[in-house]
Amino acid sequence: MDSLDSITRFLGWCSVINIGILGLAALAVATMRGMMTRIHGKLSGLGEGDLERAYFQYLAQYKIALFVFNLVPYFALRISEGL
Numbered sequence: 002m003d004s005l006d007s008i009t010r011f012l013g014w015c016s017v018i019n020i021g022i023l024g025l026a027a028l029a030v031a032t033m034r035g036m037m038t039r040i041h042g043k044l045s046g047l048g049e050g051d052l053e054r055a056y057f058q059y060l061a062q063y064k065i066a067l068f069v070f071n072l073v074p075y076f077a078l079r080i081s082e083g084l
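Position in the sequence shown (first residue = 1) + 1 = this note's numbering.
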């Protein structure tokens, strides 16, 4: 049973770290959008609208991955510990 407890704690810390990364990325996109679009526009040749769509898609996909690979397994293990 110790291994399930270790996995649960590991997934919990992974979730905390990934939520922090997602929050920082969202904050960066919200506060530094102009600078980011200039830099990424020069690097990739994409327009401002395309880059904003790419930023939103990145944040959405990161959030989905966070739910699927960290939060859902964490809560499933927490629920199964109580049974």
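Note that CB positions come from ideal geometry on N, CA and C, so glycine has one too.
Backbone secondary structure at M36 - three-state DSSP
Translated into the one-based positions of the sequence shown, residue 36 becomes position 35. Note: M36 maps to helix in three-state DSSP.
Relative to the alpha-carbon of L67, which residue among N19, D6, A55, L78 has its alpha-carbon at the smallest distance?
The residue you call residue 67 lines up with position 66 of the sequence shown. It is N19.
Other residues of its chain near P74: CB distance less than 7 Å, five sequence neighbours each side excluded:
Counted from its first residue, the sequence shown places residue 74 at position 73. Excluding residues within five positions, the ones whose Cβ falls inside 7 Å are L12.
Using beta-carbon positions only, say whether L84 and T9 come within less than 8 Å of one another.
Counting from one through the sequence shown, the residue named residue 84 turns up at place 83. Counting from one through the sequence shown, the residue named residue 9 turns up at place 8. It is not a contact, given that the beta carbons lie outside the stated cut-off.
If contacts are defined as beta-carbon pairs under 8 Å, then T38 and L52 qualify, I think. What distance do you get, rounded to the angstrom?
If you number the sequence shown from 1, residue 38 lands on position 37. If you number the sequence shown from 1, residue 52 lands on position 51. With 8 Å as the limit, T38 and L52 qualify as a contact, their Cβ atoms being about 5 Å apart.
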